[in-house]
Structure formats: C-alpha cells, structure tokens
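Written out below as structure tokens is the structure these notes cover.
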Amino acid sequence: VQVVESGGGLVQAGGSLRLSCAASVRIFSINDMGWYRQAPGKQRELVASISSGSGGRTNYADSVKGRFTISRDNGKKTVYLQMNSLKPEDTAVYFCNRPFEGRWWDWGQGTQVTVSS
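Numbering (this note's numbering), first residue to last: 297 to 413.
What follows is the structure, encoded as structure tokens:
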C-alpha cells in the first residue's frame, strides 16, 4: 500500500492548512486512519485518528484538540487534516498511516508544515 501526503507549506502563526493523504489500498473504508507528525529531533507522534467506515469516532492529541479536524472520503480513498490556529510548535513533517503500531503500511514521504511566528 502506498500513501501520498500533500498540502503542507509555510504559514504564519494563526493561519490554516488542509492536508490530504491518498492511499492506494483496495478497500480504504475498512481501515482506521491517522495523521502523525515528526518534528526535528523528536519522535513521530500520532496527532489525530478516525475510525473506519463513516468515520464516526475521532481522537486527537491534547496538543491539537480544538484546532485540528480529521475527516475522510472513502470514495476518494483520502483522509484529510484541517489545521486551524496553527502555532510554531506545529512545525513538523506530517504523515498519514493506520493508527496502530505494528500494523503500519509503508510510510510515505510526508508533507512539510512550517509555521512562522
């Protein structure tokens, strides 16, 4: 399975970005999905996840709760991350994958998000 992330960029603090991740999996809808990020010198962390099917259950890291929204479009085999009120500490490379350690697909290249103060 390949995942391709896009939508990153340079934005000022307080701004917004919308990330997209397309997966080349045969049946996308049966997979829970997550967004991870990795800042320089730090471990990769899960920041948001969404349940399979209609995506009725979402979870967020405390650091992004209330600012980020994860969603999915099963017809497009795509998961999104709407990021609002961005902070410099959100600067990282963002990746998508299944939110279960040990059951990850191959990691994509990620998309760089840089938030300037």
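In this text, a Cβ means the ideal position worked out from N, Cα and C, and glycines have one as well.
inquiry  = Taking DSSP's pairing of strands, which residues face F396 in a bridge?
reply    = In the sequence shown, residue 396 corresponds to position 100, counting from 1. Looking at the DSSP assignment, F396 forms no beta bridge with any residue, so it has no partner.
request  = Determine the extent of the beta strand (DSSP E) in which W331 is found, giving its start and end residues.
outcome  = The sequence position of residue 331 within the sequence shown is 35, counting from 1. Counting along the chain, the beta strand (DSSP E) containing W331 begins and ends at 329-334.
Burial state of F396, where buried means 16 or more other Cβ atoms lie within 10 Å = What you label residue 396 is simply residue 100 of the sequence shown in a count that begins at 1. With fewer than 16 Cβ atoms within 10 Å of its Cβ, F396 is classed as exposed.
key: Best match in M329, L382, G352 for proximity to N393 [C-alpha to C-alpha]   = By 1-based counting over the sequence shown, the position of residue 393 is 97. Nearest option by C-alpha distance: M329.
query = If we count Cβ pairs, one from each stretch, closer than 8 angstroms, do we get three or more for the region 343-351 versus the region 404-411?
reply = These segments do not touch.
ask   = Short check: CB of G404 to CB of E301, under 9 angstroms?
value = Indexing the sequence shown from 1 puts residue 404 at position 108. Indexing the sequence shown from 1 puts residue 301 at position 5. Cβ distance < 9 angstroms, so G404 and E301 count as in contact.
Contacts around W400, its chain only, beta-carbon distance under 8 angstroms, and the 5 residues preceding and following it disregarded = Position 104 of the sequence shown, counting from 1, holds the residue named residue 400. Counting only Cβ-Cβ distances below 8 angstroms, and skipping sequence neighbours, we find N393, R394.
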